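One line per chain: the protein sequences are A and B, in this order. Per the working numbering, the first sequence starts with residue 779, numbered consecutively. Per the working numbering, the second sequence starts with residue -13, numbered consecutively. Just so you know, even glycine gets a beta-carbon here, dropped at the ideal spot from N, CA and C. Keep in mind it's a predicted model, so treat the numbers as computed, not measured. Shown next, in C-alpha cells, is the structure this report addresses.
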Amino acid sequence: MKKILTSKKAVFGGLLFLLIGTWVFSEMSNRFSMKGQEPTDEGYIVFHNGTKYFVKGENITASDLENFSDEDVTMFSKKFEEIAILLDDGMKLLGTGIKSGDQVAIWYEEVLESYPAQIKLMQIRKIDKNK
Amino acid sequence: MKKSVFLTIFLFTFLFVPISALADNTLGDFHFNAKESSHPLDRVNSKGEVTKYEDYSNKNLTFINETKSFQGSGELNPIFVGDLLNKGFLETTQPLVKDVTTNEVAPFVVIGPDGRTRVENTIVFPYSAITYISLEWADGSRGSCTGTLIGIDRVLTNGHCVVNPTTQRGIVSATVYPGVSGSTALFGAYNAIDYYVTSHWINTGAISQDYAVLVLSPSNGPHAGERAGYAGIRQVTNILNQNIGIYGYPGDLIRRDGAINQYGMSGNVASEDSQVAYYTIDTAPGQSGSAMLNTSNQVIGVHSSGFSDRNGNPVRNGGPKMSSFMFEFVSNALN
Chain A
779 MKKILTSKKA VFGGLLFLLI GTWVFSEMSN RFSMKGQEPT DEGYIVFHNG TKYFVKGENI
839 TASDLENFSD EDVTMFSKKF EEIAILLDDG MKLLGTGIKS GDQVAIWYEE VLESYPAQIK
899 LMQIRKIDKN K
Chain B
-13 MKKSVFLTIF LFTFLFVPIS ALADNTLGDF HFNAKESSHP LDRVNSKGEV TKYEDYSNKN
47 LTFINETKSF QGSGELNPIF VGDLLNKGFL ETTQPLVKDV TTNEVAPFVV IGPDGRTRVE
107 NTIVFPYSAI TYISLEWADG SRGSCTGTLI GIDRVLTNGH CVVNPTTQRG IVSATVYPGV
167 SGSTALFGAY NAIDYYVTSH WINTGAISQD YAVLVLSPSN GPHAGERAGY AGIRQVTNIL
227 NQNIGIYGYP GDLIRRDGAI NQYGMSGNVA SEDSQVAYYT IDTAPGQSGS AMLNTSNQVI
287 GVHSSGFSDR NGNPVRNGGP KMSSFMFEFV SNALN
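Now the structure itself:
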C-alpha cells in the first residue's frame, strides 16, 4: 500500500516537474527569440489599481506618471497621446525589475480593440536611460 | 427611542446616498469557478454562474441558420452623452429636448466607399442598431466598446469587453447607447442587467471565443431594439472574398472630433480559418464588438483585434466569424 502511494507521489512529482520545466523552457525561448528583434513599441508603464497601463506621448513628465488617475484613461484626456492596458499573465514582468513609471520596450502581435486597447504582451524590457 | 434612531438612519440613507451610487455595480461581482464547467460552450453569466451546454442548447435550432432583423419603430429618445468623454460616465440620463428630424434618407445598404467615413444619419437601420457601450471595470476604470443590437434587448459584442481572462475579472456595469451621432444618443440609454460569454473564452482568451451577449433593461418604456431595430445573425462557413462592412465608435476619430460619432468602412475578407475571419478594413480601439455585416445587413461575425508584424506595422484586423458554434451560442442567448 505504502509502495503504491510512494509511486503515485513520484509520478505526480515528475509530471509537475515536467510541466514547470516546459513552461520555463517556453518562456526562456520566447525571451531569447525576441532578443534580436526590434520592439513593437516604446513608452512608459504605469501600475494603477491593479492594472498595468502602457502610455505614450511627446512630453510626458515623471509627475504625469506619478499622478496617473482614472480620468487619464478617458478618450478626452490630453495628457497622453496613446494609452493601452497590458495583458500579462503575471510572468512577463517576473525578474525584469520593472516598476511603475519606467520607460519600457514592448513586443506584441495582437491588440484587442476596446478603448483603451488591450495589448497581448509577448515580452517587455526596461529601457536603460544611461545607455 | 429605538424607532426614532431607526427612522433617522433610514432617512439618512435614502436622502444622502447619491442616486448614481445606487446605480453602480448593476452587474454584481464576477466569480467563475472553472471546475463547474465541462464543455467549451457552457454559458457563463455576469455573476460567473454556469449554465451547462446540454441544458441550454436547443436541438430544434439545428436546421435554422439565421435569425430575423427588425428595422425598429424609429421612436426617438435623445440624450446628450458628451460627458462620457470627459468624465467617463453620465451624472444623469435625462432626455434631451432637441428636435431630431430625418431630413436625409440613407440607403438600406451598409457597404459603402472604401476608407472610414462618418455615418451622418444614425437614425436609419442598420446604423441605428450600432451601439456605443460605456463600461466600468471592477478596479474602477472605465472604457468603451461597440455592440450591435441583435434582439429587442440583446447586444452582441466581444468577450474582452466584459471579462478579462488574464485577471478573471468582469465589468461591474455597462450602458448601451444605440445610434450615437454628435454625442447624442438618439434612441436613449439602456443598462446591461446581465451578460453571457462562453467558458472557453474565460479559460483561454482565444480570439475564436471573443464574443459576448449583453442583456438590457428597457428605458422609459420600450426596449432598445423596439426603438432602434436589430440585425439578424447568420451562420456562415466560408466567407473568403465576401464583402463586409464594419461600423462602430473608433477612439482615435472620436478624440479628433471632440464628439462621439459612428464611423465605418467596407471591404473583403482577405483570409480565414474555420472560426476567425481576417481583413484589411481599417479599425481602431473602441471598435471592438463591431459587427461584420454582410450586404444584407446580417451579422456574420464580430470584429475584435488588430494584428501587427514583428516590426509593429499593422498588417490585418480580424475577429470570430459566425461559425456553427458561435451561432448556436448567440442564438440561444436570444431567448
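Contact note: Gly272 (chain B) reaches chain A through Met853, Glu891, Ser892, Tyr893, using a C-beta cutoff of 8 Å and chain order. Within the stretch 237 to 257 of chain B, Gly237, Ile240, Arg241 place their CB atoms closer than 7 Å to a CB of chain A, listed in sequence order.
Every beta strand (DSSP E) stretch that sits fully inside the stretch 241 to 270 of chain B and reaches 3 residues is listed by chain position as 249 to 258, 262 to 265.
Taking Lys870 (chain A) as reference, the option from B:Gly292, B:Thr152, B:Pro271 with the minimal CA-CA separation is B:Thr152. The C-beta of Ile50 (chain B) has fewer than 16 other C-beta atoms within 10 Å across all chains shown, which makes the residue exposed. Where His186 (chain B) is concerned, the enclosing alpha helix (DSSP H) starts and stops at 185 to 190. Cβ neighbours of Tyr216 (chain B) within its own chain (closer than 6 Å, five residues either side excluded): Phe56, Ala115, Leu135, Ile136, Gly137. For Val789 (chain A), the number of other beta carbons within 10 angstroms of its own is below 16, and it is reported as exposed. Interface annotation, Gln901 (chain A): not in contact with chain B, CB-CB separation never under 8 Å. Collapsing the DSSP output to three states places Gly129 (chain B) in a strand.
Excluding its 5 nearest sequence neighbours in each direction, Val201 (chain B) has C-beta neighbours in its own chain below 7 Å: Asp139, Arg140, Ala178, Ile179, Asp180, Tyr181, listed in chain order. Beta-bridge analysis with DSSP links Ser159 (chain B) to B:Glu122. Scanning the stretch 158 to 238 of chain B for uninterrupted beta strand (DSSP E) segments of 3 residues or longer gives 176 to 184, 198 to 202, 229 to 234, listed from N- to C-terminal end. CA-CA distance, Arg213 (chain B) to Ala175 (chain B), rounds to 11 Å. Using a Cβ-Cβ distance cut-off of 8 Å, the stretch 269 to 276 of chain B and the stretch 887 to 900 of chain A are in contact, since at least three pairs of beta carbons, one from each stretch, lie closer than that value. In its chain, beyond the 5 residues on either side, Val255, Glu258 have a beta carbon closer than 6 Å to the beta carbon of Leu226 (chain B).
If you check each beta-carbon in the stretch 821 to 843 of chain A against every beta-carbon of chain B, the ones closer than 7 Å belong to Asn827, Gly828, Thr829.
The three-state reading of DSSP puts Phe315 (chain B) in helix, counting H, G and I together. The beta carbon of Gln881 (chain A) sits no closer than 8 Å to any beta carbon of chain B. Leu872 (chain A) is outside the set of residues whose beta carbon lies under 8 Å from a beta carbon in chain B. Where Asp842 (chain A) is concerned, the enclosing alpha helix (DSSP H) starts and stops at 840 to 844. Contact residues of the stretch 267 to 293 of chain B toward chain A are Thr269, Ala270, Pro271, Gly272, Gln273, Ser274, Gly275, Ser276, His289, Ser290, Ser291, Gly292, Phe293 (C-beta to C-beta distance below 9 Å).
In the DSSP annotation of this structure, the continuous segment of the alpha helix (DSSP H) that includes Tyr39 (chain B) starts and ends at 39 to 42.
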